[in-house]
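In this text, residue positions in the sequence shown follow my numbering: the first is 28, and each later residue adds one. Below is one structure, written out as structure tokens; comments come after it.
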Amino acid sequence: QIGKRSLYLNKLAIEAADRFVRLYPLHPNVEYAYYLKGLVHFRREVSILEKWLPQNIAARDMNNARQAFDSFGLLLRSFPDSRYAPDARQRMIYLRNQLAEHDILVARYYMKRGAYLAVAGRARHVIETYPRSAFTPDALELMVSAYRILGLDAQANDALRVLNLNYPSHPATDRAGKLATVQ
């Protein structure tokens, strides 16, 4: 019952923020409506069970995280000097890493299933969509592995070269390098 009520209140808050922006686009505090919308999406409901048995957030549905990321991004594009901008930037860094980790988890699932082309595509998506995320080296490592298995040695070597150049001391670089010598 509490979860449904909270979801309903979140929906109302988002609708109110959207309505405020639509009705008063030049209001001096309109930036707060953008920020509030991002916060509502950012805040994730945590069930009682999750409080006792923590779960990796990146393993869950990432729809709210994507919406929060987009809302904070809109705030920063529209009001780069807003007093809410520093907090929004920090939240976007966190969200970017969560979204990238989620895609890495999906790519690893594909790897276990033998869907190597999907692995390479998901890894490339991480690199293109979430640049500078903490999971870029993992994405490059997955690309090296998937391309090697697919027999696409030129692409595997390119990914390995980028990994070596940008992340020389990262564990993913060592793992990918060992894979290259085994092949």
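C-beta: ideal position from N, C-alpha, C; glycine also.
Could you give the distance in angstroms between the alpha-carbon of residue i and the alpha-carbon of residue j?
| i | j | result |
| --- | --- | --- |
| Phe106 | Tyr174 | 42 angstroms |
| His129 | Pro158 | 14 angstroms |
| Gly65 | Leu122 | 11 angstroms |
| Glu58 | Phe99 | 10 angstroms |
| Asp45 | Leu34 | 17 angstroms |
| His152 | Phe47 | 35 angstroms |
| Leu187 | Gln94 | 33 angstroms |
When you compare each of the options to residue i by their alpha carbons, which one comes out closest?
| i | options | result |
| --- | --- | --- |
| Ala112 | Asn37, Leu39, Tyr61 | Tyr61 |
| Ala145 | Thr156, Asn193, Val133, Phe96 | Val133 |
| Leu102 | Asn90, Gln94, Ala115 | Ala115 |
| Asp3 | Gly178, Asn124, Ile176 | The shown model of the chain, from 28 to 210, leaves out residue 3, and the question about it has no answer. |
| Asp201 | Gln182, Val171, Ala150 | Val171 |
| Asn56 | Arg110, Ala150, Ala183 | Arg110 |
| Ile154 | Arg140, Gly178, Leu126 | Leu126 |
| Gln182 | Tyr136, Leu50, Ala150, Phe96 | Ala150 |
For residue i, I'd like the list of residues in its chain whose CB is within less than 8 angstroms of its CB, leaving aside the five on either flank, ordered along the chain.
| i | result |
| --- | --- |
| Glu42 | none |
Would you mind giving the Cβ-Cβ distance between residue i and residue j, rounded to the nearest angstrom? I have them listed as a contact below 8 angstroms.
| i | j | result |
| --- | --- | --- |
| Leu167 | Ala199 | 7 angstroms |
| Asn91 | His68 | 5 angstroms |
Excluding five sequence neighbours on each side, which residues of the same chain lie with their C-beta closer than 6 angstroms to the C-beta of residue i?
| i | result |
| --- | --- |
| Ser160 | Arg123, Asn124, Ala127 |
| Val73 | Below a pLDDT of 50, predicted positions are generally treated as unreliable, and Val73, at 48, falls in that range; no measurement from the model is reported. |
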